[in-house]
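2 protein chains.
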Amino acid sequence: MINENINTIRGVGGNASECCDTVEVHEELLNIVNSTMPEETELYDLAELFKVFGDSTRIRILFVLFEAEVCVCDLAAALNMTQSAISHQLRILKQNKLVKSRREGKSVFYSLADAHVRTIIAQGREHIEEE
Amino acid sequence: MINENINTIRGVGGNASECCDTVEVHEELLNIVNSTMPEETELYDLAELFKVFGDSTRIRILFVLFEAEVCVCDLAAALNMTQSAISHQLRILKQNKLVKSRREGKSVFYSLADAHVRTIIAQGREHIEEE
DNA sequence: TTATCATATGAACAACTATTCATATGTTTA
DNA sequence: TAAACATATGAATAGTTGTTCATATGATAA
Numbered sequence: 001m002i003n004e005n006i007n008t009i010r011g012v013g014g015n016a017s018e019c020c021d022t023v024e025v026h027e028e029l030l031n032i033v034n035s036t037m038p039e040e041t042e043l044y045d046l047a048e049l050f051k052v053f054g055d056s057t058r059i060r061i062l063f064v065l066f067e068a069e070v071c072v073c074d075l076a077a078a079l080n081m082t083q084s085a086i087s088h089q090l091r092i093l094k095q096n097k098l099v100k101s102r103r104e105g106k107s108v109f110y111s112l113a114d115a116h117v118r119t120i121i122a123q124g125r126e127h128i129e130e131e
Numbered sequence: 001m002i003n004e005n006i007n008t009i010r011g012v013g014g015n016a017s018e019c020c021d022t023v024e025v026h027e028e029l030l031n032i033v034n035s036t037m038p039e040e041t042e043l044y045d046l047a048e049l050f051k052v053f054g055d056s057t058r059i060r061i062l063f064v065l066f067e068a069e070v071c072v073c074d075l076a077a078a079l080n081m082t083q084s085a086i087s088h089q090l091r092i093l094k095q096n097k098l099v100k101s102r103r104e105g106k107s108v109f110y111s112l113a114d115a116h117v118r119t120i121i122a123q124g125r126e127h128i129e130e131e
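Which chain is which? The protein sequence lines are A and B, in order. Quick note on numbering: our numbering labels position 84 of the first sequence as 84, and the sequence is numbered without any gaps. Quick note on numbering: our numbering labels position 94 of the second sequence as 94, and the sequence is numbered without any gaps.
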């Protein structure tokens with residue numbers, strides 16, 4: 001059971017009828033928001049990071065990189081997409097430090113840059129596989 | 001060090017020059033993709049889930065719900081947004097089973113529905129706070 | 001150098017999304 | 001019942017994003 005020791009925010013009277021007809025937001029709630037809410041920039045960065053995971057092409061790229069270090073054209077061939085599309089997505093993954101790259105001759109090999117990638121995706125899979 | 005026992009996918013010769021000029025995709029890579037890549041629908045669902053986390057308004061809602069069960073109008077007031085905007089986002093969070101709701105009189109109280117929410121966001125924060 | 005292969009990238013376009021506005025639904029109180 | 005309050009939702013719009021196309025950059029081989 002989640003939230004077992006989390007209070008419901010109500011008005012002073014403690015019933016639902018006083019929930020929303022007060023002009024001032026409940027002080028308790030404001031204290032919570034002010035003390036536990038991350039900074040604006042961190043919230044933005046967090047959303048930005050999850051946006052990167054929110055595209056099935058990038059997810060597929062990550063699943064390939066879970067198993068091997070692969071060059072761009074092989075990724076494109078394996079995922080049956082154009083080199084350009086893959087390259088654009090790799091750029092986003094790299095900007096967000098989820099993958100790293102290494103040039104070897106004409107090819108550029110990509111691999112995972114961060115252990116959190118596996119954890120985050122694993123937790124996501126667990127979530128969607130419930131029921 | 002990540003990827004310490006993960007092979008680089010190459011051509012038969014094992015050098016970079018044979019990486020991409022083969023007509024057929026490397027068999028080893030195809031085997032990996034076929035055996036470890038989740039189903040199309042799971043990939044789609046995964047991306048869909050992370051899209052939900054990819055918006056700072058929804059992230060802020062979740063941070064409030066980390067601490068308390070809150071009704072819609074209090075969420076709107078605390079986050080300084082319109083009731084309609086919050087309600088639309090709560091709908092998305094609920095559809096993806098990240099929050100649950102409970103009616104009490106005129107108010108509807110929202111709370112976290114799943115422990116994975118905390119884990120996923122915690123991992124995200126760890127990632128962006130590195131360096 | 002020139003040709004070729006591998007990758008990166010800017011521009012354009014179509015598809016998607018978050019917010020706003022107006023309004024509908026649901027609940028309580030008078 | 002009617003009025004007021006809390007929430008939900010459809011439509012419209014502005015902003016964002018993923019792919020394609022054309023082309024530029026970088027590296028190797030002839």
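We treat Cβ as the ideally placed atom computed from N, Cα and C, and that holds for glycine.
Closest Cβ-Cβ distance between residue 51 of chain B and chain A: below 8 Å? The beta carbon of residue 51 of chain B falls within 8 Å of a beta carbon belonging to chain A, placing the residue at that interface.
Please report the distance separating the alpha-carbon of residue 67 of chain A from that of residue 33 of chain B. Distance between residue 67 of chain A and residue 33 of chain B, taken at the CA atoms: about 9 Å.
How about residue 91 of chain A: is its C-beta nearer than 8 Å to some C-beta of chain B? Answer no: the Cβ-Cβ gap between residue 91 of chain A and chain B never drops below 8 Å.
Along chain A, which residues have their Cβ under 8 Å away from the Cβ of residue 123 of chain B? The contacting residues are 116, 119, 120, 123.
So, with DSSP's three-state summary, where would you put residue 82 of chain B? Looking at residue 82 of chain B - three-state DSSP - the assignment turns out to be coil, as it is neither helix nor strand.
State the beta-bridge partners of residue 112 of chain A as determined by DSSP. Bridge partners of residue 112 of chain A: A:99.
So residue 57 of chain A packs on residue 89 of chain A, CB below 8 Å; how close in whole Å? Taking a contact as a CB-CB distance under 8 Å, the pair residue 57 of chain A and residue 89 of chain A counts as one, their CB atoms being some 5 Å apart.
Collapsed DSSP secondary structure at residue 104 of chain A in the structure displayed: Under the three-state reduction of DSSP output, residue 104 of chain A falls in the strand class.
Below 7 Å on C-beta distance, what does residue 33 of chain A contact in chain B? Going along chain B in sequence order, the residues near residue 33 of chain A (Cβ under 7 Å) are 64, 78.
Nearest-angstrom Cα separation, counted from residue 65 of chain A out to residue 45 of chain A: One C-alpha to the other measures close to 23 Å.
Where do the ends of the alpha helix (DSSP H) carrying residue 41 of chain B lie? Judged by DSSP secondary structure, residue 41 of chain B falls within the alpha helix (DSSP H) whose first and last residues are 40-53.
Is the segment 68-85 of chain B touching the segment 102-110 of chain A, taking contact as three or more C-beta pairs under 8 Å? No: the two stretches stay apart, fewer than three of their Cβ pairs being nearer than 8 Å.
Under 8 Å between C-beta atoms of residue 43 of chain A and residue 92 of chain B: Taking C-beta atoms as the reference points, residue 43 of chain A and residue 92 of chain B fail to come closer than 8 Å.
Cβ neighbour criterion (16 or more within 10 Å) applied to residue 69 of chain A: Residue 69 of chain A comes out buried.
Can you tell which of B:39, B:128, B:8, B:98 has the C-alpha that lies nearest to the C-alpha of residue 51 of chain B? For residue 51 of chain B, the nearest C-alpha among the options comes from B:98.
Residue of B:128, B:72, B:48, B:36 minimising C-alpha distance to residue 113 of chain A: Distances from the CA of residue 113 of chain A to each of B:128, B:72, B:48, B:36 were compared; the closest alpha carbon is that of B:128.
If we ignore side chains and look at the alpha-carbon of each, how far apart do residue 54 of chain A and residue 48 of chain B end up? Computed Cα separation, rounded: 6 Å.
From which residue to which residue does the alpha helix (DSSP H) around residue 28 of chain B run? Where residue 28 of chain B is concerned, the enclosing alpha helix (DSSP H) stretches over 27-36.
Neighbour flag for residue 44 of chain B against chain A, beta carbons, 8 Å: Cβ-Cβ to chain A under 8 Å: yes for residue 44 of chain B.
Sorted by chain position, which residues of the same chain lie with C-beta nearer than 7 Å to residue 71 of chain B's C-beta, five sequence neighbours on each side aside? Cβ contact annotation for residue 71 of chain B (same chain, cutoff 7 Å, sequence separation greater than five): 107, 108, 109, in chain order.
Nearest to residue 86 of chain A by alpha carbon, out of A:102, A:103, A:62, A:104? The candidate whose alpha carbon is nearest that of residue 86 of chain A is A:62.
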